[in-house]
Amino acid sequence: MRLRRLLLVSAAAVALGGTLNVVPVSAGSSPPDPSNQSLKALGQRHNLYIGTAVDMAALDDPADPKYRELVKSEFSSVTAENVMKWESLEPTRGTYNWGPADKLIEFARKNNQKVRGHVLVWQNQLPTWLTEGVANGTISTTELRDLLKKHITNVAKHFKGKIWQWDVVNEAASDPWDSPSSIHLKGFWAQHLGPNYIADAFRWARAADPSALLFYNDYNLEAFGDKGPSDKTYYVYNMVKQLKQSGVPIDGVGSQGHLGTQYGNYNAFQVKEALDAFSGLGLSTAFTEVDVRSQMTAGVQGGDSNEINPRLQASSDNFSVLMQACLANRHCLSFTFWGFTDKHSWVPTWFTDPLEGLATLYDESYQPKRAYYAIKSDLIFAGPPYVLPRGKK
Ligand code: 9MR
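My numbering numbers the first residue of the sequence shown as 162 and each following residue consecutively.
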């Protein structure tokens, strides 16, 4: 009966649309103007949180009010770009500096935003008292393990109840360009504590803050390769599968999403396949650090539109691919940009030879770029049957 009615209504609509070949929109039913809607409002339609990494110096800079305004108005989730890392939290052994991180938590609370905690265990941005102590032998392996447990416990307890997702372990897997090229656990922690530090870290984090979702986070996980020994996504897939099967309390995989327009990159189906593989293990997914950088050739720096436009278009396409895949995976909880303006982006400070940049949604004067509108349109035009409503998390 209902179906019949629907068919009749559509038939009438087609008839009315007549030669114009359009379905008429009755008065008052036109959708709201999308250009006035924020990313976070559009994400909310899908129950998808739209986040950004936050540079605390920029957030606090009274001479740069636009930064603060946009963090507030466009995003429903924030990540500390640096201030929750070990070197920032405990620059001197035993003396914690919670101030800047607490400020971000308070900002998020006031603005009704979720917080992604970044990061509990990583081989970079460790305090020198720790790395030097290990190097000169004053910190033994047993003590190092205790220190890691203490760090995770203290930090997760300090922020208990205020963190939605924790990046518990970050960037533990090597890359195919490392030696050996077969993917392996790399860096300080694997070197000193062996592979079990990963499972330990998740257990310690769960014990300290049982309500936070616990993530493994890494880059170059956007798509599978040949599933051979140098396929990082496949390595991480097997690693988290093993963790899950062993009862380790891991809840999700964060795919960072640092892309560059000089690479071939992926299509949305390849990216969706990787997200689906992770969620098929019973894990949530998230894009955690998305940006798309480009080489700043002399032409780009000189303002040559023949060089700038293809980069802006390629970057917009790459952003869009990740967003579409996230929308199509119902377990993709959040989509976080690693900064939103070229005024404050890690890219040009990191990639200097050749110089890279143009990696975010807004230019240095806070003008939205093509990618901003691409993300908006993805959020607006996505719907069934490929994008289904996701549950409240
Ligand atoms: O954006 C961060 C930059 O300000 C720091 O100097 C850098 C130091 O390692 O870390 C950057 O953030 C990284 C993040 O914590 C983990 N994934 C890669 C990010 C970009 O390097």
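We put the beta carbon where it would ideally sit given N, CA and C, even for glycine.
Spatial distance of G441 from S466 (CA atoms)
In this structure, the straight-line span from the alpha carbon of G441 to that of S466 is close to 44 Å.
Please list, in chain order, all residues of the same chain as D514 whose beta carbon is under 8 Å from its beta carbon, the five residues on each side excluded.
The answer is none, since no qualifying residue turns up.
Please classify S416 as buried or exposed, where buried requires at least 16 neighbouring CB atoms within 10 angstroms.
Burial call: buried.
Write down the C-beta distance between A317 and A369 rounded to the nearest angstrom, noting that I regard them as a contact closer than 8 Å.
Yes, they are in contact, since the Cβ atoms of A317 and A369 sit about 4 Å apart, within 8 Å.
Opposite V409 in the DSSP bridges: which residues?
Per DSSP, V409 has no beta bridge partner at all.
Residue environment, F501, which counts as buried when at least 16 other CB atoms sit within 10 Å
Classified as buried, F501 has 16 or more neighbouring CB atoms from the shown chains inside 10 Å of its CB.
Regarding E517 and ligand 1, is the C-beta to nearest heavy atom distance less than 7 Å?
No, since every heavy atom of ligand 1 falls outside the 7 Å radius drawn around the Cβ of E517.
Since W259 contacts I313 with CB under 8 Å, what's their CB separation in whole angstroms?
Contact between W259 and I313 does not hold, since the beta-carbon distance rounds to 15 Å and is not under 8 Å.
Around the Cβ of R454, are there at least 16 other Cβ atoms within 10 angstroms (buried) or fewer (exposed)?
Buried is the call here.
Taking 7 Å as the limit between beta carbons, can you name the residues of its chain near F385, skipping five residues before and five after?
Same-chain partners within the cutoff: D392, T394, Y395, E434, A435.
Going by the DSSP bridge assignment, what does I211 pair with across the sheet?
Answer is F496.
Flag H345 as yes when its Cβ comes closer than 7 Å to any non-hydrogen atom of ligand 1, and as no otherwise.
Not one heavy atom of ligand 1 sits closer than 7 Å to the Cβ of H345.
Quick one: is the Cβ of E242 within less than 7 Å of any heavy atom of ligand 1?
Yes, since a heavy atom of ligand 1 falls inside the 7 Å radius drawn around the Cβ of E242.
Put R454 into one of helix, strand or coil per three-state DSSP.
In this structure, R454 counts as strand in the three-state DSSP scheme.
From S190, L473, L444, pick the residue whose C-alpha is nearest to that of T422; which is it?
With distances taken between Cα atoms, T422 lies closest to L473.
Report whether the distance from the Cβ of H279 to the nearest heavy atom of ligand 1 is below 7 Å.
For ligand 1, at least one heavy atom lies less than 7 Å from the Cβ of H279.
Around the C-beta of E517, are 16 or more other C-beta atoms found within 10 angstroms, so that it is buried, or is it exposed?
Counting other Cβ atoms within 10 Å of its Cβ, E517 reaches 16 or more and is therefore classed as buried.
DSSP state of K275, grouped into three classes?
DSSP places K275 within a strand segment (E or B) once states are collapsed to three.
What does DSSP give as the partner residue(s) for D379 in the beta ladder?
According to DSSP, D379 bridges with S416.
Which first and last residues belong to the beta strand (DSSP E) in which S440 is found?
Where S440 is concerned, there is no enclosing beta strand (DSSP E), although the alpha helix (DSSP H) it sits in stretches over 429-441.
For K275 and S237, which I take to be in contact (beta-carbon distance under 8 Å), what is that distance rounded to the nearest angstrom?
Going by Cβ atoms, the distance from K275 to S237 rounds to 7 Å, so yes, they are a contact pair.
First and last residue of the beta strand (DSSP E) that includes N331?
Residue range 326-331 is occupied by the beta strand (DSSP E) that includes N331.
Let me know if W511 comes out buried or exposed under the rule of 16 or more other beta-carbons within 10 Å of its beta-carbon.
Burial check for W511: the Cβ neighbour count within 10 Å stays below 16, so the residue is exposed.
Measuring alpha carbon to alpha carbon, tell me which residue in K311, Q284, T303 is nearest A334.
Residue Q284 is the option with its Cα nearest to A334.
Need the endpoints of the beta strand (DSSP E) that V239 sits in, please.
Taken as a continuous stretch (DSSP letters only), the beta strand (DSSP E) holding V239 covers 238-241.
Just list the residues that DSSP pairs L374 with in beta bridges.
By DSSP's assignment, L374 forms a beta bridge with Q326.
Below 7 Å, is the gap between the Cβ of Y228 and the nearest heavy atom of ligand 1?
Checking every heavy atom of ligand 1 against the Cβ of Y228, none is found closer than 7 Å.
Pick out the complete alpha helix (DSSP H) segments inside the segment 226-269, 4 residues or longer, and give them in chain order.
Taking only runs of at least 4 residues, the alpha helix (DSSP H) segments lying wholly in the segment 226-269 are 226-235, 247-250.
Under three-state DSSP, which class holds V280?
Strand.
Taking only heavy atoms of ligand 1 into account, decide whether any of them is closer than 7 Å to the Cβ of Y377.
Not one heavy atom of ligand 1 falls within 7 Å of the beta-carbon of Y377.
Is the closest heavy atom of ligand 1 to the C-beta of Q417 under 7 Å?
Distances between the C-beta of Q417 and the heavy atoms of ligand 1 include at least one below 7 Å.
Locate the alpha helix (DSSP H) running through W511, then write down its first and last residues.
Start and end: 508-511.
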